[in-house]
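Here the structure comes first, spelled out in structure tokens, and everything after it is commentary.
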Amino acid sequence: MTKKICVLPGDGIGPEITAEAVRVLAALGLGFEMETALLGGAAVDATGNPFPEATQKLASEADAVLLGAVGGPKWDMLPREQRPEKGLLGIRKHLNLFANLRPALLYPELADASTLKPEVVSGLDILIVRELTGDIYFGQPRGIETRNGERFGFNTMHYTESEIRRIGRVAFAAAQGRGKKLCSVDKMNVLETTQLWRDVMEELAPEYPEVTLSHMLVDNAAMQLVRAPRQFDVLVTGNMFGDILSDEAAMLTGSIGMLPSASLDENGKGLYEPSHGSAPDIAGQGVANPLATILSAAMLLRHTFHEEEAARRVEMAVKKALAEGLRTADIHAPGTTKVGTKEMGEAVLRGL
Ligand code: IPM
Ligand code: MG
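For the sequence shown, our numbering puts the final residue at 430, and the numbers step up evenly by one.
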């Protein structure tokens with residue numbers, strides 16, 4: 079059986095950080111076949127399409143996709159259809175990657191990086207489960223039109239109960255394997271779509287008797303995440319609320335350069351990418367933090383290939399590099415050693 083990984087370096091720092099993750103995956107000696115393709119701005123420049131046919135084919139055939147990051151100011155002026163973000167949304171939809179797992183884990187070595195007080199965030203370990211292929215992101219109709227002599231912008235929020243149920247099951251199962259607490263986030267006091275969301279989550283709860291389900295309105299959830307984030311174990315929410323809350327949760331750790339993510343379909347296929355963006359301001363300088371991408375590769379090992387031991391080896395190697403005092407610029411603090419992208423990658427390789 080071949081184990082095929084489609085590598086999509088993307089834009090900005092994407093190529094530098096994926097190179098390090100690819101080295102780590104290769105060093106494990108698990109016989110991965112890795113092939114690279116274009117996505118995002120790089121693909122627009124080469125083909126005019128942020129998610130070209132060749133990439134669609136390669137990504138469809140592969141067992142997993144490893145992505146760097148897409149986007150940059152260079153492409154912001156293009157029509158919506160040609161923007162790099164469209165490539166990312168396109169591949170999520172194309173591969174039916176409805177379940178987005180975004181862990182926010184505070185590494186003890188990096189406790190000072192958070193803007194919150196250490197006593198509020200120390201030991202933080204939460205998982206946001208974000209629905210990724212529905213909601214207002216994909217709802218029709220949408221657009222900007224002229225109506226009654228003025229411009230009119232509109233989008234549509236909707237969820238079917240089966241869409242809610244399948245993401246709910248992923249979240250309940252994740253909670254069952256962790257701290258057994260699931261908080262579902264909605265805006266049921268205003269939005270019918272999210273009333274249905276809450277109802278379906280309640281209907282699922284009896285299937286997971288070990289898990290305690292609670293509900294929170296999204297505005298309160300945003301507040302609670304900065305007030306007392308450790309009250310949470312797993313959070314589950316829709317595409318748009320999940321986009322916002324996962325950035326907030328990531329920043330609680332102070333080091334978005336450390337956070338991986340997985341986007342999964344129903345059969346274990348997944349796209350794995352760091353939670354941070356393409357950081358065009360530091361692209362090509364060899365200073366970006368490759369650890370979120372390397373940790374995304376660990377998630378790939380775990381979720382797609384069920385190589386739990388190899389996943390742990392990678393995560394331990396990352397911890398070792400931090401324990402040695404090595405830091406890229408984004409997490410550098412007095413008393414630690416500042417290293418570049420490649421040196422950090424090499425430290426992880428040594429730690430394996
Ligand atoms: C994310 C990003 C994307 C999203 C953008 C780049 C389309 O913010 O992955 O969170 O909104 O989903
Ligand atoms: Mg986002």
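By construction, the Cβ of each residue, glycine as well, lies at the ideal position given by its N, Cα and C atoms.
Exercise. When DSSP labels each residue in this structure, what does TYR215 get in the three-state scheme?
Worked result: Under the three-state reduction of DSSP, TYR215 is assigned to helix.
Exercise. Is ASP297 helix, strand or coil by DSSP?
Worked result: helix
Exercise. Are ALA328 and SER353 closer than 8 Å when you measure CB to CB?
Worked result: yes
For this session: Have a look at the DSSP bridge pairing and note the partners of MET112.
Result: ILE83
For this session: Indicate whether the contact test is met: 3 or more Cβ pairs, each with one atom in the region 126-145 and one in the region 80-96, closer than 8 Å.
Result: Yes, the region 126-145 touches the region 80-96.
For this session: Give every residue of the same chain whose Cβ lies closer than 7 Å to the Cβ of HIS381, excluding the five residues on either side of it in the sequence, and list them in chain order.
Result: ALA340, LEU342, GLY346, GLY348
Exercise. What are the boundary residues of the alpha helix (DSSP H) that includes ARG244?
Worked result: 239-254
Exercise. ASP95 to ALA306, Cα distance in whole Å?
Worked result: It should be noted that the sequence gives Ile, not Asp, for residue 95. The C-alpha of ALA306 is placed about 32 Å away from the C-alpha of ILE95.
For this session: Please work out which residues of its chain come closer than 6 Å, Cβ to Cβ, to HIS293, disregarding the five sequence neighbours upstream and downstream, and give them in chain order.
Result: SER262, ARG276
Problem set entry | Span separating the alpha-carbon of ALA375 from that of THR272 | Distance between the alpha carbons of ALA375 and THR272: 33 Å.
Problem set entry | Counted within 10 angstroms of its Cβ, other Cβ atoms place GLU386 as buried (16 or more) or exposed | exposed
For this session: For the alpha helix (DSSP H) containing LYS258, list its first residue and its last residue.
Result: No alpha helix (DSSP H) holds LYS258; DSSP gives it neither H nor E.
Exercise. Between the Cα of GLY201 and the Cα atoms of ASP190, GLY126, GLN363, ARG243, which residue gives the shortest distance?
Worked result: Taking GLY201 as reference, the option from ASP190, GLY126, GLN363, ARG243 with the minimal CA-CA separation is ASP190.
Exercise. Using the rule of at least 16 other Cβ atoms within 10 Å of the residue's Cβ for burial, across every protein chain shown, is ILE440 buried or exposed?
Worked result: The requested residue 440 does not occur in the structure, where the chain is confined to residues 79 to 430.
Problem set entry | Cutoff 7 Å; reference ALA401; Cβ partners in own chain excluding five residues on either side | GLU187
Exercise. Is VAL312 near LEU378, with beta carbons less than 8 Å apart?
Worked result: no
Exercise. Exposed or buried, what is PRO87 when buried is set at 16 or more other beta-carbons lying within 10 Å of its beta-carbon?
Worked result: The C-beta of PRO87 has 16 or more other C-beta atoms within 10 Å across all chains shown, which makes the residue buried.
For this session: For my contact list, GLU239 and LEU184 are in at a C-beta cut-off of 8 Å; report their separation, rounded to the angstrom.
Result: That pair is no contact at about 36 Å.
Exercise. The beta strand (DSSP E) with SER339 in it runs from where to where?
Worked result: 338-342
Exercise. Roughly how far, in whole angstroms, is the beta-carbon of LEU430 from the beta-carbon of ARG391, given that I think they are within contact range, below 8 Å?
Worked result: 6 Å
Problem set entry | Three-state class that DSSP yields for THR406 in the structure shown | coil
Exercise. What does the shell around ligand 1 hold, if a residue joins when its beta-carbon is under 5 Å from any heavy atom?
Worked result: GLU163, ASP321
For this session: Starting from the Cα of TYR286, find the closest Cα among ASP297, GLY362, ARG308, VAL248 and give me that residue.
Result: VAL248
Problem set entry | Nearest to ALA115 (by Cα), restricted to the options VAL148, LEU106, LEU108, THR331 | If we check each option's Cα against that of ALA115, VAL148 comes out closest.
Exercise. Taking 7 Å as the cut-off, does the CB of ASP89 come closer than this to any heavy atom belonging to ligand 2?
Worked result: no
Problem set entry | Bridge partner(s) assigned by DSSP for PRO352 | PRO338
Problem set entry | Proximity test, ASP325 beta-carbon vs ligand 2 heavy atom, cut-off 7 Å | yes
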